[in-house]
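Numbering (the UniProt record's numbering), first residue to last: 1 to 112.
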């Protein structure tokens with residue numbers, strides 16, 4: 001199964017970067033995507049789309065943060081003390097969402 005293979009590769013990666021973007025289609029449908037990027041043990045760059053989904057909520061920082069945190073949790077990307085590096089565009093809602101996610105990750109990692 002592809003998902004199991006990707007999850008295994010993500011677990012083996014030392015450092016993972018993710019990117020995320022949200023947009024509205026010409027048909028006025030909202031979408032959000034999350035991709036993961038890392039270098040594997042054979043020094044090959046790996047890129048995976050972890051999620052592309054229709055996003056029925058408004059693109060507020062809080063809604064985007066909740067969606068991103070869910071994806072990060074589902075793919076178990078909070079296993080180290082920092083969580084993944086996250087790259088986005090500079091839209092104010094996604095910048096704030098990433099700050100919220102990092103605060104959540106730090107809280108989750110401190111819970112015994």
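Positions of the beta carbon are idealized from the N, C-alpha and C atoms, including for glycine.
Alpha-carbon to alpha-carbon, residue 49 and residue 36: Your numbering for residue 36 matches position 36 in the chain shown. Your numbering for residue 49 matches position 49 in the chain shown. Rounded to the nearest angstrom, the two C-alpha atoms are 6 Å apart.
Alpha carbon to alpha carbon, how far is residue 5 from residue 45? Give it in angstroms, no decimals. As a working note, residue 45 is residue 45 in the chain shown. As a working note, residue 5 is residue 5 in the chain shown. Those two C-alpha atoms are separated by around 15 Å.
Just list the beta strand (DSSP E) runs in the region 54-107, keeping only unbroken ones of 3 residues or longer that don't cross its boundaries, in chain order. 85-87
Rounded to whole angstroms, what's the CA-CA distance from residue 32 to residue 53? Just pull it up for me. Position 32 of the chain shown holds residue 32. Position 53 of the chain shown holds residue 53. Their Cα atoms are separated by approximately 6 Å.
Residue 22: which of 105, 104, 67, 84 sits nearest, CA to CA? Within the chain shown, the letter at position 22 stands for residue 22. Per the Cα distances, 67.
Between residue 59 and residue 93, is the Cβ-Cβ spacing less than 7 Å? Counted from its first residue, the chain shown places residue 59 at position 59. Counted from its first residue, the chain shown places residue 93 at position 93. Yes. Within cutoff.
Would you please state the rounded distance, in angstroms, between the beta carbons of residue 85 and residue 25? I believe it to be under 8 Å. To locate residue 85, count along the chain shown from 1; it is residue 85. To locate residue 25, count along the chain shown from 1; it is residue 25. Not really, about 28 Å apart at Cβ, beyond 8 Å.
Whole angstroms is fine: what's the gap from residue 40's alpha carbon to residue 7's? One-based indexing of the chain shown puts residue 40 at position 40. One-based indexing of the chain shown puts residue 7 at position 7. The straight-line gap from Cα to Cα measures roughly 13 Å.
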